[in-house]
Amino acid sequence: MAVTIFGDKSLDLSRPQIMGILNVTPDSFSDGGSFSNLDDALFQTQKMLSEGASIIDVGGESTRPGASPVSLEEELGRVIPVVAAIKSRFDVVVSVDTSSAQVMTEGAKQGAGLINDVRALTRDGALDAAVETGLPVCLMHMQGSPESMQMNPNYSAVYNEVISFLLERARVCQALGMKPEQILLDPGIGFGKTLEHNLELLNNIDQILSHDFDVLIGASRKSMIGQVLNADVQDRLFGTLGAHAAAFSKGASIFRVHDVKPHHDMLELMYRIKREE
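Each residue of the sequence shown is one higher than the one before, counting from 892 in our numbering.
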């Protein structure tokens, strides 16, 4: 795909785009509690934009392994003021990282340009709410739920099962009027997968692309990197860059990251080299 409209802005997905992670939660696995204050969230947004992010992904419910759901009221209270504040101050695409229909609706009212759902619009009301906003969606695969997904991930053929699920969810969205260019697919690295599952999915991104949907990848600081490198969360930058470089070489378009500047520099250089082919 090429240019995609995200609310009031457009992005060219023929070149890599960086989605900066802004978790306004107290318990996310990497940065929980760091940006739950509005001023801190805005400062971090400005920092990520200055470093090269084109999308800011605002999440109010941790989906780390073992995380418990939060109430709708709590999620709305965390996410919506931040979305509104960012859109009033910065010219940027804001993504709402949510599975809740009302958060999607209210986020869109405040100017969000993308719905990023780890549950692929399977919660009650989420599909209809997402379609009603008219915004693009990112559909992610997750086996189980955050509370249980890493207890015993099991697949007979991980790539086939993941792509079958994602294509079925994409078909449902299209049946309700979404266009293919409004649908991003995310294989869900670290969401109900072993290390071997994650590596296989990263190695098959080009096969996902063969179905004519753009791909979003989020391997930032994930446990798979720690497993390979024996590295704690805060020491996984270089491994993250390696995973995302491999994903770019396979055709991924959007990279969901904690560390924007290193990704911007790496992806810009890789893009310029690839353009000369």
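Backbone N, C-alpha and C define an ideal beta-carbon position, used for all residues, glycine too. These numbers come from a predicted model, not from an experiment.
Problem - Where the alpha helix (DSSP H) containing I946 begins and where it ends - result: Counting along the chain, I946 falls outside any alpha helix (DSSP H), though it belongs to the beta strand (DSSP E) covering I946 to G950.
Exercise for the section: Find the nearest neighbour of D1105 within the set P1078, M939 and G1068, judged by alpha-carbon distance. Expected result: P1078
Practice task
Note down the Cα distance separating A932 from M1157, rounded to an integer number of angstroms.
Solution key: 25 Å
Practice task
Report yes if the CB atom of L967 is closer than 8 Å to the CB atom of Q1001, and no otherwise.
Solution key: no
Handout entry: Every unbroken alpha helix (DSSP H) within the segment 1059-1120, with a cutoff of 4 residues, ordered by chain
Key = 1086-1094, 1096-1100 and 1114-1120
Problem - Proximal residues to E1091 (C-beta, below 8 Å), its chain only, five neighbours per side dropped - result: V1049 and Y1050
Practice task
Find the nearest neighbour of E997 within the set A975, Q1118 and D1015, judged by alpha-carbon distance.
Solution key: A975
Problem - Status (buried if at least 16 other CB within 10 Å, exposed otherwise) for S990 - result: buried
Handout entry: Cutoff 7 Å; reference P1044; Cβ partners in own chain excluding five residues on either side
Key = Q1034, G1083, K1084, T1085 and H1088
Problem - Whole-angstrom C-beta distance between A1134 and L1093, which should lie under 8 Å - result: 6 Å
Practice task
Determine the DSSP secondary structure at G923, reduced to helix, strand or coil.
Solution key: Confidence in G923 is poor, its pLDDT being 47 and thus under 50, which makes the residue's placement too unreliable to answer from.
Practice task
Return the Cβ separation of F897 and L1005 in integer angstroms, given the expectation that the two are a contact with Cβ distance under 8 Å.
Solution key: 5 Å
Problem - K1070 vs G943 beta-carbon contact at 8 Å - result: no
Handout entry: Residue nearest to V985 in terms of C-alpha spacing, selected from L913, I1099 and V1148
Key = Minimum Cα-Cα distance from V985 among the listed residues L913, I1099 and V1148 corresponds to L913.
Exercise for the section: Using the Cα positions of L1018 and C1064, report the straight-line distance between them to the nearest angstrom. Expected result: C1064 has its alpha-carbon roughly 7 Å from the corresponding atom of L1018.
Practice task
Could you name the residues of the same chain whose beta carbon sits closer than 6 Å to that of L1067, not counting the 5 residues immediately before and after it, in chain order?
Solution key: V1022
Exercise for the section: Determine the closest residue to R955 out of G1109, N1121, A1122 and M910, with distance taken between C-alpha atoms. Expected result: G1109
Practice task
Indicate whether R980 and Y1162 have their beta-carbon atoms separated by less than 8 Å.
Solution key: For the pair R980 and Y1162, the CB atoms are not nearer than the 8 Å cut-off.
Handout entry: V915 versus S901, K900 and I947, residue with shortest Cα-Cα distance
Key = I947
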